[in-house]
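S.K.: Sharing a structure, written as structure tokens. Questions coming.
Protein chains in written order, with my numbering: chain L, 1 to 546; chain R, 547 to 948.
Below, the structure is given as structure tokens:
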């Protein structure tokens, strides 16, 4: 069973990865391509920008996430954190990026709210706030987007950590709530989220969706440079683009290595803090002050959505009006039929992705439940699509589906979506499965249950929370995918993501805002379903990890 | 359109004229075309076209309904954010050895994308002079319909619409617009942060620097032939102008909008007073849709406006070639062209020779359709295609890293 499961998983994930890597290596084998790449003006600055913004954004997000979970874990609003984090995760990157730009730029919602009564401004000032040369606005955007993801991962990891016992022990030793959490629970949680954290760092370094609306342009981050080369008609840059993809992988891995050693250093500092003997009993007042920070993330995300809505509703939004002068819903009405069809396709594809990604993960995780070596190997393979720059990878995948003659079909698109959802689904499901007490299954078997029954009656209910979470994330990954959908679908499978991106490309933020809102709604529906299902499931299951 | 026909004679550059007579190939026989129409019935044509403008999408949706009703052809608008995505797809298909049954039947294309695909042998043709309505195209009055950025089309793409470089400004703040490089420079210096242009290699941004160079050079005829070692000397006036103007521009020339529509957005919220476009009627339509203030007007450089056309092409491996031919022919019909030229629909100027049309067809074109709202009817053709890449490269070298 193990061999069969592994073969299928590798066929689904490994073959496209091989095709992607193979095509990239073949195309990049030209020395002229490397010469073009390395002599391109500003390429060093671009690479440095990618590393700096990706690393800084992720570090900021990690600090925010730990802080949020610690504050939530030591107070009564634990459950609310998750409910607030999920909508931000579901928000597509491009929509959030554009929304933040509409919020923070000189003509943005924030300054409008203060003008002219406080600032005296009647025209937007000529300030370089968004897309600043240092990439600070991009760092902020990445932090806002990644913090909720890491929060969710930390919350999920709590199931594997005996939080109550650890807190009781530390508290009985006289530690204040917050310090007790920091010292006993947080390090164990951190150990559980290493893979998601690596994914966040790689995303930070290689993303284009947030870097386009928020990142600097002279020069842009390296991933944006590559994206420009892949989408230019100057075919002589294609070789350099593939060579650049290899460089980007190297840069991403380098950043990961540096981040991991930085984490080791942080652990040493942390153990000093833990062993200092101070009980930190006064930490509640600090906690109250720190609680502003997670609130700020949420405020920025909601402000971005508000700015998107304002822009989507009005044809013209002159500074300094806070609300649109005239609300015109005709655009939404006109877009309704095509949006409806695209939304249907999106929901169906999301469903297929969830079944494929979560189903496969469950199956393989079960057969590898006692084989940590293979579990790690599978994790690395599944992780590859997130590590490779999308454009380079997609060209190989495109070659593959054209070879198989299935391009432009739902099969191809579903396959590709599963490919991008699998690393997340696997990370959650396999982690949870391996953390289950193996004696539970043994007990069920000694009571006479067959393999299947023991799995269905014992393992699945215990994993139900993780499965729901993995399903919700797989769904939102599927909804957010733009380039993969476009390529595998030969442009014929229209989802809200492809509709939103083609609108955003025009720079017509109003149309983009309408489509972006639709893109945010789809995963919210799925999340709602998952949460309601979860609630009804857990009603009679006290003690199931949640 | 008629109003400026005589001015075409004033074209500063008439390169590529050698290809013109060849392109007027013999007209196809009635039977052969009926055969094409018969074969096309029941086929599906995937039309890959930029989908960034709602008005254009609505026009294509109208064409989808019409060709289905008239010819039984199912036209599908494959919406792309950048036509280079489609170019990439054709490349991937060739790499995978698919020489027929390709996923794209018809492409909306021009300029560098055309010359790249043509050079790589990825286009089907020649076909453009063989569809019946191609005879109606004003190739004499408007040479840009058969010479795309100085590359002769040679029947590998069919002119669909024409365009000329236009600048929009808010007359409430600008007043009488500057129309020469010198006066524009003075205006920019006097109005800190109120002018900008899209960042090359964006299509419009690149066009802006080409347009500037054309009006800055004492004798632009040099641009008709390929780039040579004299590049620095020839383009000197352009860099001097930009060096002087950038500090007075939006964000002091350290940031540029990503595209033409992105800059229009800046004009709409009030960050800048200017926007650029290739369609003189775009501002009119934006005003009537309440997307721009009613005080916005259009202007061009007194030295002339850069002009070009946009085209339809068929990839070498298209699945429904006959269907694509029928659709292309329909899009060139007087009815479809007149509907497209209507300012309330799309406002894209026609490529047809109105004088050659039957009176009934000519009447379809409302009087306003052919009349540009521009003060200048003096048109400049595109420099040789090699200048675009060289100018972008030099621009990025100078201003791309700050």
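Backbone N, C-alpha and C fix where the C-beta goes; we use that ideal spot for every residue, glycine too.
Give me the DSSP bridge partner(s) of residue 669 of chain R.
M.R.: On the second chain, residue 669 of chain R is found 123 positions in, with the first residue counted as 1. Bridge partners of residue 669 of chain R: R:861.
S.K.: For residue 878 of chain R and residue 895 of chain R, what's the separation of their Cα atoms in angstroms?
M.R.: Counting from 1 along the second chain, the entry for residue 878 of chain R is found at position 332. Counting from 1 along the second chain, the entry for residue 895 of chain R is found at position 349. Their backbone Cα atoms lie some 12 Å apart in a straight line.
S.K.: So with CB distances below 9 Å, who are the chain L contacts of residue 796 of chain R?
M.R.: Walking along the second chain from the start, residue 796 of chain R turns up at place 250. The answer, in chain order, is 126.
S.K.: Would you kindly check if the distance between the Cβ of residue 254 of chain L and the Cβ of residue 57 of chain L is under 7 Å?
M.R.: Indexing the first chain from 1 puts residue 57 of chain L at position 57. Indexing the first chain from 1 puts residue 254 of chain L at position 254. Not in contact: residue 57 of chain L and residue 254 of chain L (Cβ atoms no closer than 7 Å).
S.K.: DSSP three-state call for residue 825 of chain R: helix, strand or coil?
M.R.: For the purposes of this step, residue 825 of chain R is identified with residue 279 of the second chain, where counting begins at 1. Coil.
S.K.: Does the beta carbon of residue 628 of chain R come closer than 7 Å to any beta carbon on chain L?
M.R.: Residue numbering aside, residue 628 of chain R sits at position 82 when the second chain is read from its first letter. Judged by the 7 Å Cβ criterion, residue 628 of chain R is in contact with chain L.
S.K.: Suppose the cutoff is 7 Å on Cβ atoms and the five residues either side in sequence are ignored; what does the same chain contact list for residue 165 of chain L look like?
M.R.: Taking the first residue of the first chain as position 1, residue 165 of chain L is located at position 165. For residue 165 of chain L, where only same-chain residues beyond five positions count, there are no Cβ hits under 7 Å.
S.K.: Within 7 Å (strictly less), CB to CB, does residue 153 of chain L reach chain R?
M.R.: Here residue 153 of chain L refers to the residue found at position 153 of the first chain. No, its Cβ sits nowhere closer than 7 Å to a Cβ of chain R.
S.K.: Counting along the chain, where does the beta strand (DSSP E) carrying residue 625 of chain R start and finish?
M.R.: What you label residue 625 of chain R is simply residue 79 of the second chain in a count that begins at 1. Taken as a continuous stretch (DSSP letters only), the beta strand (DSSP E) holding residue 625 of chain R covers 620-626.
S.K.: Which first and last residues belong to the alpha helix (DSSP H) in which residue 810 of chain R is found?
M.R.: Numbered from 1 along the second chain, position 264 holds the residue referred to as residue 810 of chain R. Counting along the chain, the alpha helix (DSSP H) containing residue 810 of chain R begins and ends at 806-815.
S.K.: Quick one: which chain R residues come within Cβ less than 9 Å of residue 219 of chain L?
M.R.: Counting from one through the first chain, the residue named residue 219 of chain L turns up at place 219. Simply 942, 946, 947, 948.
S.K.: Can you tell me which of the three DSSP states residue 854 of chain R falls into?
M.R.: Position 308 of the second chain, counting from 1, holds the residue named residue 854 of chain R. Strand, per DSSP.
S.K.: Can you say whether residue 433 of chain L is buried or exposed, counting buried as having 16 or more other CB atoms within 10 angstroms of its CB?
M.R.: Residue numbering aside, residue 433 of chain L sits at position 433 when the first chain is read from its first letter. With 16 or more Cβ atoms within 10 Å of its Cβ, residue 433 of chain L is classed as buried.
S.K.: Between the alpha carbons of residue 755 of chain R and residue 762 of chain R, how many angstroms are there, rounded?
M.R.: Residue 755 of chain R sits at position 209 when you count from the first residue of the second chain. Residue 762 of chain R sits at position 216 when you count from the first residue of the second chain. Rounded to the nearest angstrom, the two C-alpha atoms are 10 Å apart.
S.K.: For residue 407 of chain L, I'd like the list of residues in its chain whose CB is within less than 6 Å of its CB, leaving aside the five on either flank, ordered along the chain.
M.R.: Here residue 407 of chain L corresponds to residue number 407 of the first chain, with the count starting at 1. Cβ within range, chain order: 401, 490.
S.K.: Note down, in chain order, every chain R residue with its Cβ under 7 Å from the Cβ of residue 468 of chain L.
M.R.: The residue given as residue 468 of chain L occupies position 468 in the first chain. What residue 468 of chain L touches in chain R: nothing, since even the nearest Cβ is about 34 Å away.
S.K.: Hey, is residue 572 of chain R's beta-carbon within less than 7 Å of any beta-carbon in chain L?
M.R.: On the second chain, residue 572 of chain R is found 26 positions in, with the first residue counted as 1. Here the model assigns residue 572 of chain R a pLDDT of 46, short of 50, so the residue's position is not dependable, and the following value carries that caveat. It does not; no Cβ of chain L falls within 7 Å.
S.K.: On the DSSP letters alone, give me the boundaries of the alpha helix (DSSP H) that residue 594 of chain R sits inside.
M.R.: For this step, residue 594 of chain R is matched to residue 48 along the second chain. Element bounds for residue 594 of chain R: not the alpha helix (DSSP H) but the beta strand (DSSP E), 590-596.
S.K.: Just to confirm my understanding: we take residue 903 of chain R, look at its own chain, exclude 5 residues before and 5 after, and list those with CB closer than 6 Å. What are they?
M.R.: Walking along the second chain from the start, residue 903 of chain R turns up at place 357. So the qualifying residues of the chain are 880.
S.K.: In chain order, which continuous runs of the alpha helix (DSSP H) of length 4 or greater are located wholly inside the segment 735-815 of chain R?
M.R.: 749-762, 777-791, 806-815, all fully within the segment 735-815 of chain R.
S.K.: Quick one: what's got a C-beta closer than 8 Å to residue 945 of chain R's C-beta in the same chain, skipping five residues either side?
M.R.: To locate residue 945 of chain R, count along the second chain from 1; it is residue 399. Excluding positions up to five away in sequence, the list reads 788, 792, 799.
S.K.: Taking the runs of the alpha helix (DSSP H) that are 4 residues or longer, which of them lie wholly in the segment 279-355 of chain L?
M.R.: The qualifying runs are 283-290, 292-313.
S.K.: What residue range does the alpha helix (DSSP H) around residue 891 of chain R cover?
M.R.: Walking along the second chain from the start, residue 891 of chain R turns up at place 345. Taken as a continuous stretch (DSSP letters only), residue 891 of chain R belongs to no alpha helix (DSSP H), as it is neither H nor E.
S.K.: Between the C-alpha atoms of residue 858 of chain R and residue 660 of chain R, what's the straight-line distance to the nearest angstrom?
M.R.: Along the second chain, read from residue 1 onward, the residue named residue 858 of chain R stands at position 312. Along the second chain, read from residue 1 onward, the residue named residue 660 of chain R stands at position 114. Straight-line Cα distance between these residues: approximately 10 Å.
S.K.: Given this structure, state the Cα-to-Cα distance separating residue 41 of chain L from residue 942 of chain R, to the nearest angstrom.
M.R.: Numbered from its first residue, the first chain carries residue 41 of chain L at position 41. Numbered from its first residue, the second chain carries residue 942 of chain R at position 396. Looking at the two C-alpha atoms, the distance is approximately 7 Å.
S.K.: For residue 549 of chain L, which residues in chain R fall below 7 Å Cβ to Cβ?
M.R.: Any property of residue 549 of chain L remains undetermined from this structure, which presents chain L solely from 1 to 546.
S.K.: Please say whether residue 154 of chain L and residue 95 of chain L have beta carbons closer to each other than 7 Å?
M.R.: As a first step, residue 95 of chain L is located in the first chain; it is residue number 95 there, counting from the start. As a first step, residue 154 of chain L is located in the first chain; it is residue number 154 there, counting from the start. No; because the gap between Cβ atoms is not below 7 Å, this pair is not in contact.
S.K.: With which residues is residue 712 of chain R paired in a DSSP beta bridge?
M.R.: Working through the second chain from its first residue, we reach residue 712 of chain R at position 166. According to DSSP, which records beta bridges pairwise, residue 712 of chain R is partnered with R:823.
S.K.: Residues in the same chain with beta-carbon distance under 8 Å from residue 587 of chain R, minus the five sequence neighbours each way, listed in chain order, please.
M.R.: Here residue 587 of chain R corresponds to residue number 41 of the second chain, with the count starting at 1. Hits under 8 Å: 617, 618, 619.
S.K.: Answer with yes or no whether the minimum CB distance from residue 815 of chain R to chain L is below 7 Å.
M.R.: The residue labelled residue 815 of chain R in the question sits at position 269 within the second chain. True, the Cβ-Cβ gap to chain L drops below 7 Å.
S.K.: Just verifying my parser: in three-state terms, what is the DSSP assignment at residue 275 of chain L?
M.R.: Position 275 of the first chain, counted from the start, is the residue given in the question as residue 275 of chain L. Residue state, collapsed to three classes: coil.
S.K.: First and last residue of the beta strand (DSSP E) that includes residue 654 of chain R?
M.R.: Start at 1 with the first residue of the second chain, and residue 654 of chain R comes out as number 108. Segment 652-655, the beta strand (DSSP E) holding residue 654 of chain R.
S.K.: Give the range of the beta strand (DSSP E) segment to which residue 168 of chain L is assigned.
M.R.: As a first step, residue 168 of chain L must be located in the first chain, where it is residue number 168. Taken as a continuous stretch (DSSP letters only), residue 168 of chain L belongs to no beta strand (DSSP E), being part of the alpha helix (DSSP H) at 163-172.
S.K.: When the Cα atoms are used, what is the spatial distance from residue 783 of chain R to residue 711 of chain R?
M.R.: Taking the second chain and counting its residues from 1, the one referred to as residue 783 of chain R is at position 237. Taking the second chain and counting its residues from 1, the one referred to as residue 711 of chain R is at position 165. Whole-angstrom Cα-Cα distance: 20 Å.
S.K.: Apart from the five residues just before and just after residue 709 of chain R, which ones in its own chain have a Cβ nearer than 8 Å to its Cβ?
M.R.: Within the second chain, the letter at position 163 stands for residue 709 of chain R. Contacts found: 824, 825, 853, 854, 855, 856, 894, 895.
S.K.: Run through the DSSP bridge pairs and tell me what residue 898 of chain R is partnered with.
M.R.: Counting from one through the second chain, the residue named residue 898 of chain R turns up at place 352. In DSSP, residue 898 of chain R forms a bridge with R:683.
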